[in-house]
Amino acid sequence: EDQVTQSPEALRLQEGESSSLNCSYTVSGLRGLFWYRQDPGKGPEFLFTLYSAGEEKEKERLKATLTKKESFLHITAPKPEDSATYLCAVQAWRGSSYKLIFGSGTRLLVRP
Amino acid sequence: NAGVTQTPKFRILKIGQSMTLQCTQDMNHNYMYWYRQDPGMGLKLIYYSVGAGITDKGEVPNGYNVSRSTTEDFPLRLELAAPSQTSVYFCASSYRGDDYTFGSGTRLTVV
Numbered sequence: 543e544d545q546v547t548q549s550p551e552a553l554r555l556q557e558g559e560s561s562s563l564n565c566s567y568t569v570s571g572l573r574g575l576f577w578y579r580q581d582p583g584k585g586p587e588f589l590f591t592l593y594s595a596g597e598e599k600e601k602e603r604l605k606a607t608l609t610k611k612e613s614f615l616h617i618t619a620p621k622p623e624d625s626a627t628y629l630c631a632v633q634a635w636r637g638s639s640y641k642l643i644f645g646s647g648t649r650l651l652v653r654p
Numbered sequence: 101n102a103g104v105t106q107t108p109k110f111r112i113l114k115i116g117q118s119m120t121l122q123c124t125q126d127m128n129h130n131y132m133y134w135y136r137q138d139p140g141m142g143l144k145l146i147y148y149s150v151g152a153g154i155t156d157k158g159e160v161p162n163g164y165n166v167s168r169s170t171t172e173d174f175p176l177r178l179e180l181a182a183p184s185q186t187s188v189y190f191c192a193s194s195y196r197g198d199d200y201t202f203g204s205g206t207r208l209t210v211v
């Protein structure tokens with residue numbers, strides 16, 4: 543059965559305190575792994591797509607990495623504006639199309 | 101560009117009522133999706149479409165129906181609303197099937 547697990551469920555950081563969010567998955571036929579940011583009352587906003595183990599992508603204070611079983615979202619020197627829920631999703635072929643299978647997210651709060 | 105537009109933003113329904121959630125995209129995307137997001141949970145796929153006239157079920161289709169008569173519009177119909185359908189509903193579209201753009205959501209409460 544497809545499973546995407548994110549940890550921790552919630553994370554509180556002080557401004558400048560670096561940390562990592564984890565996304566582990568058991569999915570057959572993985573095509574890609576996606577990271578999204580979601581602000582309260584809004585839809586998910588695309589951050590990164592990773593397609594192969596060893597791949598890394600960066601955007602400002604965020605860096606995403608991928609292994610065969612998990613992905614990490616590293617946050618370096620976070621700022622209060624990085625506070626949001628971060629969603630991980632894996633893409634696999636199911637039925638007649640590729641589908642995204644989402645984890646339940648990590649709620650990040652960065653305090654000034 | 102407006103991207104993906106969902107209406108209404110909020111709605112309260114009584115048990116047994118019906119309604120249609122509207123979704124329109126102006127990016128000429130072939131793929132469109134409906135998800136629901138319950139508190140503290142990930143998004144669950146309800147229905148999806150790979151092009152006008154083509155729709156298919158996702159993980160949680162029971163109690164919902166969709167149609168796709170044009171590339172731009174992908175309405176979600178709730179028949180006989182139940183409290184279990186209280187959720188936030190997101191519509192998304194994609195050109196290649198992997199570059200999703202999400203709408204801002206419809207928060208639905210069934211009482």
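Just so you know, the protein sequences line up as chains F and B, in that order. The numbering used here puts the first residue of the first sequence at 543, with every later residue one more than the last. The numbering used here puts the first residue of the second sequence at 101, with every later residue one more than the last. C-beta atoms are modelled at their ideal positions from N, C-alpha and C, and glycine is treated no differently.
For the beta strand (DSSP E) that residue i lies in, which residues bound it at each end?
i	result
Ile617/F	Glu612 to Ile617
Glu587/F	Glu587 to Leu592
Val150/B	Leu143 to Gly151
Leu604/F	Leu604 to Leu608
Gly574/F	Leu572 to Gln580
Tyr628/F	Ala626 to Arg636
Lys109/B	Note, Lys109/B: premise wrong, no beta strand (DSSP E); not H, not E.
Ala182/B	It is not in any beta strand (DSSP E) - Ala182/B carries neither H nor E in the DSSP assignment.
Ala595/F	Neither: Ala595/F is in no beta strand (DSSP E) and is coded neither H nor E.
Arg653/F	Thr648 to Arg653
When you compare each of the options to residue i by their alpha carbons, which one comes out closest?
i	options	result
Trp134/B	Asn128/B, Gln122/B and Met127/B	Gln122/B
Ser118/B	Val188/B, Ala192/B, Phe202/B and Ala182/B	Ala182/B
Pro141/B	Phe614/F, Thr648/F and Pro654/F	Reading off the sequence, residue 141/B comes out as Met, not Pro. Checking every option, the nearest Cα to that of Met141/B belongs to Thr648/F.
Asp138/B	Arg196/B, Tyr189/B, Asp199/B and Asp198/B	Tyr189/B
Ser638/F	Asp156/B, Lys144/B and Gly116/B	Asp156/B
Gly153/B	Asn162/B, Pro175/B and Thr107/B	Pro175/B
Could you pull out every residue in the same chain whose Cβ sits closer than 6 Å to the Cβ of residue i, ignoring the five residues on either side in sequence?
i	result
Ser193/B	Val104, Gln125, His129, Met132 and Thr201
Asp173/B	Thr124
Arg554/F	Leu651
Can you name, in chain order, every residue of its own chain whose Cβ lies under 8 Å from the Cβ of residue i, other than the five neighbours on each side?
i	result
Pro586/F	Tyr578, Arg579, Gln580 and Leu629
Lys601/F	Leu589 and Phe590
Which whole-angstrom value is the C-beta distance of residue i and residue j, which I expect to be below 8 Å?
i	j	result
Ala595/F	Leu608/F	6 Å
For residue i, I'd like the list of residues in its chain whose CB is within less than 7 Å of its CB, leaving aside the five on either flank, ordered along the chain.
i	result
Arg111/B	Met119, Thr206 and Leu208
Ile643/F	Asp544, Val546, Val569, Ala631, Val632 and Ala634
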